[in-house]
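Q: In our numbering, the protein residues as written are 1 to 241.
Here it is: the structure, laid out below.
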Ligand code: SAH
């Protein structure tokens with residue numbers, strides 16, 4: 001946790017928060033802070049800043065907060081991701097938040113096991129928890145939005161073309177395709193398949209919706225590694241700033 005994220009109901013006055021949950025445990029056990037210390041804080045979906053510890057004991061921590069710094073800019077890549085195993089999805093939620101992605105569409109695909117749609121990784125509370133962990137890691141406050149689209153065809157035919165408008169649209173697919181571009185300057189939308197990959201019909205539907213097929217070379221990467229490799233390759237915004 002590189003930042004303490006503050007929620008609306010932590011505020012006991014406009015400039016003062018009281019914490020008593022896992023963040024208190026973190027302050028006591030990991031940071032080992034004491035009264036008078038200053039911690040890095042951020043308001044969820046708001047600004048970054050600092051929190052001066054005014055009171056600290058095993059029950060609660062009270063911080064006087066100053067929030068003046070804008071969070072880092074969003075990474076302009078919309079991710080369209082076929083639902084994979086819950087274990088993989090948990091890592092991807094954290095990773096997406098860490099990379100500054102703000103819009104995720106989790107979609108069905110032929111190789112997505114039906115039971116995955118009944119698992120906690122499609123429930124708002126679980127998703128929220130992993131996204132927060134990503135934000136706490138990378139020192140950002142802006143929560144990504146995750147949309148679930150359990151029907152592939154209607155989503156790709158009826159919704160995706162409008163979502164992709166104004167963006168360069170790429171579908172990552174292993175094989176003999178054009179290499180994935182590097183450091184693209186325009187906004188992008190990137191589709192990544194499930195652990196079994198997209199079937200040819202799905203790739204064709206994405207191409208019909210305006211997506212270009214791109215490859216990362218002959219090695220087939222795990223979904224999570226494909227997400228991080230593609231994001232880092234497509235966007236080097238961190239270096240521009
Ligand atoms: N078993 C599948 C691969 C699935 S890998 C197959 O053989 O096709 C999961 C997803 O990661 C893929 O659908 C793709 O979107 C992405 N990916 C993994 N390796 C890739 C590569 N070398 N090039 C492009 N995309 C890749």
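Glycine included, every Cβ here is placed at the ideal spot set by N, Cα and C.
1. Can residue 62 and residue 47 be called in contact, C-beta distance under 8 Å?
2. Quick one: Cα of residue 241 to Cα of residue 49, how far?
3. CA-CA distance, residue 233 and residue 13?
4. Strictly closer than 5 Å from CB to any heavy atom of the ligand SAH: give me those residues in the order they appear in the chain.
5. Exposed or buried, residue 162, counting other C-beta atoms within 10 Å across all chains shown (16 or more means buried)?
6. According to DSSP, residue 40 sits in a beta bridge with which residue or residues?
7. Please classify residue 241: does DSSP put it in a helix, a strand, or coil?
8. So, does the CB of residue 181 fall closer than 8 Å to a CB anywhere in chain C?
9. In this structure, how does DSSP classify residue 139 when only helix, strand and coil are distinguished?
10. Is the CB-CB distance between residue 146 and residue 127 below 8 Å?
11. Only counting the same chain, and skipping five residues up and downstream in sequence, which positions put a Cβ closer than 8 Å to that of residue 60?
12. Going by DSSP, what residues sit across from residue 155 in a beta bridge?
A: From the atom records:
1. The sequence position of residue 62 within the chain shown is 62, counting from 1. The sequence position of residue 47 within the chain shown is 47, counting from 1. In this structure, residue 47 does not lie closer than 8 Å to residue 62 by Cβ.
2. Here residue 241 refers to the residue found at position 241 when the chain shown is read from its first residue. Here residue 49 refers to the residue found at position 49 when the chain shown is read from its first residue. Caution is warranted here: a pLDDT of 48 is assigned to residue 241, below 50, making its placement in the model unreliable, and the coordinate value is therefore given only provisionally. Straight-line Cα distance between these residues: approximately 20 Å.
3. Here residue 233 corresponds to residue number 233 of the chain shown, with the count starting at 1. Here residue 13 corresponds to residue number 13 of the chain shown, with the count starting at 1. Using only the alpha carbons, I get a separation of about 43 Å.
4. This selection yields 172, 174, 192, 193, 197, 215, 216, 220, 221, 223, 226.
5. Looking up residue 162 in the chain shown gives position 162. Exposed is the label assigned to residue 162, since fewer than 16 other Cβ atoms lie within 10 Å of its Cβ.
6. Numbered from 1 along the chain shown, position 40 holds the residue referred to as residue 40. Paired residue(s): 50.
7. As a working mapping, residue 241 is identified with position 241 in the chain shown. Bear in mind that a pLDDT of 48 at residue 241, under 50, signals an unreliable position, so the model cannot answer this.
8. As a matter of chain content, chain C is missing from the structure shown, which is built from one protein chain.
9. The count along the chain shown starts at 1 and reaches residue 139 at position 139. Of the three classes helix, strand and coil, the one that applies to residue 139 here is coil, per DSSP.
10. As a working note, residue 146 is residue 146 in the chain shown. As a working note, residue 127 is residue 127 in the chain shown. Taking a C-beta distance under 8 Å as the contact criterion, residue 146 and residue 127 qualify as a contact pair.
11. If you number the chain shown from 1, residue 60 lands on position 60. These residues qualify, in order along the chain: 18, 19, 20, 24.
12. On the chain shown, position 155 is the one that residue 155 refers to. Residue 155 is bridged by DSSP to nothing; it lacks a bridge partner.
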